[in-house]
Amino acid sequence: MCSPLTKQQQSKFEEMLSQQAASLCREAREIYSSSHAMVANGDTDLPNSVEGWIEILNQYSDNESFQTRRQLERIAAAQEQIELGLYGICSDCESPISLERLLQDPSQQRCGVCEARYKQLSASSKRVWL
Ligand SMILES: [Zn+2]
1 MCSPLTKQQQ SKFEEMLSQQ AASLCREARE IYSSSHAMVA NGDTDLPNSV
51 EGWIEILNQY SDNESFQTRR QLERIAAAQE QIELGLYGIC SDCESPISLE
101 RLLQDPSQQR CGVCEARYKQ LSASSKRVWL
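According to full-length UniProt numbering, the stretch in the sequence shown is residues 1 to 130, in order.
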């Protein structure tokens, strides 16, 4: 099984993902600095990787931090899939995810059928899915 996308398409999505990651890291930084006043004065200990921010957001339990962390995790997973050559494949049924879905959300992990089923399954929990 390998990615159904061309190299060109993959690098386009790779770019979209890193842009999203950058803006989510900025959000994470805001969440972090609103609870750590000293960060405003240029704290050099701030992470510069998606993984580093995921770890920091893990310490917060509010909904905004949770959502931001979830999205960062999805992006990290998608970036890893690109590296492995598995990007664009549904994580549940392994069929190709449509280009339209990936354009809407490049960190998409599931095809339309599996996503609908997944949403139904998680509807009973109190999580909010974007
Ligand atoms: Zn699927």
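C-beta atoms are modelled at their ideal positions from N, C-alpha and C, and glycine is treated no differently.
Just so it is clear, the structure is predicted and the values come from calculations on it, not from any experiment.
*Starting from Pro96, follow its DSSP beta bridges and name the residues at the other end.*
Translated into positions along the sequence shown, residue 96 becomes position 96. Ile89.
*Do you know whose CA, among Tyr32, Ser107, Glu15, lies nearest Gly88's CA?*
As a position in the sequence shown, residue 88 is number 88, starting the count at 1. That would be Ser107, whose Cα lies nearest to the Cα of Gly88.
*Any heavy atom of ligand 1 within a distance shorter than 7 angstroms of the CB on Ser95?*
Sequence index remark: in the sequence shown, residue 95 carries index 95 (1-based). Correct: Ser95 has its Cβ closer than 7 angstroms to ligand 1.
*Mind reading off the beta-carbon distance from Arg56 to Ala77? Whole number of angstroms is fine, and I expect it under 8 angstroms.*
One-based indexing of the sequence shown puts residue 56 at position 56. One-based indexing of the sequence shown puts residue 77 at position 77. First, the amino acid is wrong: residue 56 is Ile here, not Arg. Wrong, their Cβ atoms sit about 18 angstroms apart, outside the cutoff.
*asked:* Helix, strand or coil for Cys2? Go by DSSP, reduced to three states.
replied: Along the sequence shown, read from residue 1 onward, the residue named residue 2 stands at position 2. Cys2 falls in the coil class under three-state DSSP.
*asked:* Is the beta carbon of Thr68 closer than 8 angstroms to that of Leu99?
replied: Here the question's residue 99 lines up with position 99 in the sequence shown. Here the question's residue 68 lines up with position 68 in the sequence shown. No, the Cβ-Cβ distance between Leu99 and Thr68 is not below 8 angstroms.
_Using a 10 Å radius around the Cβ and a threshold of 16 neighbouring Cβ atoms, would you call Gln120 buried or exposed?_
Taking the sequence shown and counting its residues from 1, the one referred to as residue 120 is at position 120. Burial call: exposed.
*Any heavy atom of ligand 1 closer than 7 angstroms to the Cβ of Cys25?*
Here residue 25 refers to the residue found at position 25 when the sequence shown is read from its first residue. No, since every heavy atom of ligand 1 falls outside the 7 angstroms radius drawn around the Cβ of Cys25.
*Can you list the alpha helix (DSSP H) stretches of 4 or more residues lying completely in the segment 43 to 84, in chain order?*
50 to 57, 63 to 84
*Where does Ala123 land, buried or exposed, given buried means 16+ other C-beta within 10 angstroms?*
Position 123 of the sequence shown, counted from the first residue, corresponds to residue 123. Looking at its Cβ environment, which holds fewer than 16 other Cβ atoms inside 10 Å, Ala123 is exposed.
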